[in-house]
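For reference, the structure discussed in these notes is given below.
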Amino acid sequence: MPFVNEYVSYEDAEKYDLDNLWNKYNYSMLKMPELLNHFDVHQHSWCVDKEQGYWLFNCGFLLNEDSISGYAEASDKEAFILHVNGQNIQFILTSHGLGATDLYPIHFSYELVSMSPSSLPNMSRESLLNILKDAINIFKYNGIRDLEENAKTLIEFDF
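22 is the number of the first residue of the sequence shown in my numbering; add one for each residue after it.
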């Protein structure tokens, strides 16, 4: 079964501690679980391959403490957690826009900033990066929360 975008069950959100994963990385002043009340569907979302037991969770943008303004603000770095073989792998990615087309008005490329851990005992770095790319190509713009925008999105990778 390939990756699909879906809302996370309350049981899985608790099992994988998604509130704390979000709060660890996301710059938002409003933290989980309170933030869920501001979404149309009051649940976490992820991109999941149930057959393999893999999931991708977007933790959003990191905080930049060294901004030009002197105040902490959102950075251009985005945190993703890829869960593979019972292990969370942290990916920090940055993106830049590419030329929009009529078919894909949302067109951007991700670059890898960091990955931790960089491999697993039974899985290489290259394999993990391929799983990440597969999941992000399904997640697209904003997973299940924005399927209309996802249909207009083309993603490339510089890694």
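Note that the Cβ used here is the ideal one computed from N, Cα and C, for glycine as well.
Everything numeric in this text was worked out from a predicted model, so none of it was measured.
{"Asked": "With 16 other CB atoms within 10 Å as the buried threshold, where does Asn-47 fall?", "Found": "buried"}
{"Asked": "I'd like to know whether the C-beta atoms of Trp-76 and His-117 end up nearer to each other than 7 Å.", "Found": "no"}
{"Asked": "Which runs of the beta strand (DSSP E), 3 residues or longer, sit entirely within the segment 28-114?", "Found": "66-70, 75-85 and 94-105"}
{"Asked": "In this structure, does DSSP put Asn-26 in helix, strand or coil?", "Found": "strand"}
{"Asked": "If you drop the 5 nearest sequence neighbours on each side, which residues of the same chain put their C-beta closer than 7 Å to that of Thr-122?", "Found": "His-128"}
{"Asked": "By a C-beta neighbour count over all protein chains shown, 10 Å radius and 16 as the cutoff for buried, is Glu-99 buried or exposed?", "Found": "buried"}
{"Asked": "Please list the terminal residues of the continuous alpha helix (DSSP H) segment that includes Ser-148.", "Found": "146-160"}
{"Asked": "Take Lys-173 and list the residues in its own chain whose beta-carbon comes closer than 7 Å to its own, dropping the five residues that flank it on each side.", "Found": "Tyr-125, Pro-126 and Ile-127"}
{"Asked": "What does a CB cutoff of less than 7 Å around Asp-155 pick up in its chain, not counting 5 residues either side in sequence?", "Found": "Phe-24"}
{"Asked": "Thinking C-alpha only, which one of Lys-36, Asp-179, Asn-44 and Tyr-31 is nearest Leu-84?", "Found": "Asn-44"}
{"Asked": "Please report the distance separating the alpha-carbon of Asp-179 from that of Gly-91.", "Found": "31 Å"}
{"Asked": "Strictly by DSSP, which residues pair up with Thr-122?", "Found": "The partner list for Thr-122 (beta bridge, DSSP) is empty, contrary to what the question assumes."}
{"Asked": "Looking at the secondary structure, which residues open and close the alpha helix (DSSP H) in which Leu-168 lies?", "Found": "168-172"}
{"Asked": "For Asp-38, count the other beta carbons within 10 Å of its own beta carbon; 16 or more makes it buried, fewer makes it exposed. Which is it?", "Found": "exposed"}
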